[in-house]
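To keep things clear, I will list the structure first and then write my remarks on it.
Residue numbers (our numbering): 4 to 150.
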């Protein structure tokens, strides 16, 4: 039985984006071209766990992002570790959720300039329970993960 852990990235006036090119994924799933980045003997026989991204736009985007159901947000679900296009096809990324002693983290790796998750990785980790701002404050996104 899988449990759902909700993750959200937050925006605040003091937070800076980890990459100037990183925006809400608006991604296409390229998993047919790549193998999910999951490890461990137990995971090799089990299907990959999923994550759902919520992209919220408009004047009420932050409130919609903070809504536990993501009402009013575009939702896409993908296997954790799958290669996804981002930035209008100008980059790609992977997302993997991890349980830590202090809560849930999301490990995101961005591959700028390529749409197939190859090249120089730009990894970073975010804590759970925040909505992340993108698009000049008119867009927010968060993640919900199976753990």
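Cβ coordinates follow ideal geometry from the N, Cα and C atoms, glycine included.
- Proximity to residue 71 across 142, 133, 108, 89 peaks at 133, based on C-alpha coordinates.
- Non-local beta-carbon contacts of residue 117 in its own chain, meaning distances under 8 Å to residues more than five positions away in sequence, involve 94, 95 in chain order.
- Under DSSP, the beta-bridge partners assigned to residue 82 are 53.
- A Cβ-Cβ distance of about 5 Å is found for the pair residue 128 and residue 110, placing them in contact under the 8 Å criterion.
- Beyond the five residues adjoining it in sequence on each side, residue 130 comes within less than 7 Å, by CB distance, of 106, 108 in the same chain, given in chain order.
- Going by DSSP, residue 105 is part of no alpha helix (DSSP H) at all; its letter is neither H nor E.
- In the three-state reduction of the DSSP assignment, residue 118 falls in the coil class.
- For the 9 Å CB-CB criterion, residue 56 and residue 98 form a contact.
- By the 16-neighbour rule on beta-carbons within 10 angstroms, residue 145 is buried.
- Cα atoms of residue 85 and residue 62: separation of roughly 31 Å, rounded to the nearest angstrom.
- Assigned with DSSP and collapsed to three states, residue 66 falls in helix.
- A straight line joining the alpha-carbon of residue 80 with that of residue 89 spans about 14 Å.
- Looking at the backbone, the Cα of residue 148 and that of residue 74 are separated by about 17 Å.
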